[in-house]
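Numbering-wise (our numbering), the sequence shown opens with residue 6 and increments by one. Ideal Cβ placement from N, Cα and C applies to all residues, glycine included. Keep in mind the model is a prediction, meaning the values are calculated, not measured. Working notes, beginning with the structure itself.
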Amino acid sequence: MHRTRIKICGITTEQAALAAVNAGADAVGFVFVKHSPRFITPDKAFAIMGSLPPFVSTVGVFQDCPLDDFLDIEAQCPTDLSQLHGSESENLVRDCGPGVIRGIRFDPDTIAADLARWNALEEVAAILVDGSEGGKGEAFDWLQLIEPMHDISTPTTPIILAGGLTPDNVRSAIETLCPYGVDVSSSVESAPGIKDPAKITAFCQAVRQADAHNARSHEQ
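Below you can see the structure in the form of structure tokens.
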């Protein structure tokens, strides 16, 4: 049984980043999307990255960003991974790779094709399945993702679950789907863009409880 990885997205301050790390998060996300309430400039994100301890991954989040702008931001703030969460084409994803987390919106009619499409692309390191175009905290029916997850061809790209996850429901989501990782933003905030350390801790604890439950179930 694997350990579910945790990404806390929408980090805008050093205090929020360290709260995520201290709670057990594996990665923090910086949103380089100007219309988002969690937008952060590359220079500020780079300064926060300097405060992180070893073995914590950083993720830059983009949405329909032109390649030249993407490369400029990456030059200013070279994150470990890049999350593309818009309508980017295969060619743009290739140009932004390697190490791309491809964000897609769950649609029961297209999810199987979407997973197969991005699973086939070498530059895609993981596929993030969200309930919206990102950052809106919209959940979807996790049961409808089970079959498409198992049907995509080998080698299977890791699946990260997002969208409407909270400290109260993330355990159920993990026990249902056993995703590679989970991604959370709005539900661990006291206000849009303001992270709440207590909520971050509660979320991470719920993930670990789910892992423990799955491990016990696997042993039985």
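- Here Lys39 carries a coil assignment [DSSP, helix/strand/coil].
- Contact between the stretch 23-41 and the stretch 66-82 is established, with three or more Cβ pairs separated by less than 8 Å.
- Beyond the five residues adjoining it in sequence on each side, Ala25 comes within less than 6 Å, by CB distance, of Ile13, Val33, Ile205 in the same chain, given in chain order.
- Secondary structure at Thr63: strand, using DSSP grouped into helix, strand and coil.
- With three or more CB-CB distances shorter than 8 Å, the stretch 161-179 counts as touching the stretch 125-145.
- By the Cβ neighbour-count rule, Gln81 is exposed, with fewer than 16 other Cβ atoms within 10 Å of its own.
- Rounded to the nearest angstrom, the gap between the Cα atoms of Ala220 and Asp73 is 45 Å.
- Just measuring C-alpha positions, the residue of Ser137, Asp100, Cys101 sitting nearest Asp112 is Ser137.
- Ile53 sits close to Glu19, with the two beta carbons spaced by under 8 Å.
- According to DSSP, Gln88 shares a beta bridge with Val66, Ile106.
- Cβ-Cβ distances below 8 Å link Ser192 to Gly142, Gly169, Leu170, Thr171, Pro172, Lys204, Phe208 in the same chain, with the five nearest sequence neighbours on each side left out; the list follows chain order.
- In this structure, Val212 keeps its C-beta atom at 8 Å or more from the C-beta atom of Leu166.
- Taking a contact as a CB-CB distance under 8 Å, the pair Gly104 and Asp85 counts as one, their CB atoms being some 7 Å apart.
- By DSSP's assignment, Arg10 forms a beta bridge with Gly186.
- The continuous alpha helix (DSSP H) containing Leu97 extends over residues 95-101.
- By the Cβ neighbour-count rule, Arg107 is buried, with 16 or more other Cβ atoms within 10 Å of its own.
- Val26: member of the alpha helix (DSSP H) spanning 19-28, first to last residue.
- Inclusion of Arg8 and Asp188 in the CB contact set at 8 Å is not warranted, their separation being larger than that value.
- Nearest to Ile78 by alpha-carbon distance, out of Asn174, Glu95, Pro47, Pro197, is Pro47.
- Here Gly198 is buried: its Cβ has 16 or more other Cβ atoms, across all protein chains shown, within 10 Å.
- The residue among Pro202, Gly29, Ser195, Pro42 with its C-alpha nearest the C-alpha of Pro58 is Gly29.
- Contact check for Ala21 against Ser56 fails: the beta carbons are separated by 8 Å or more.
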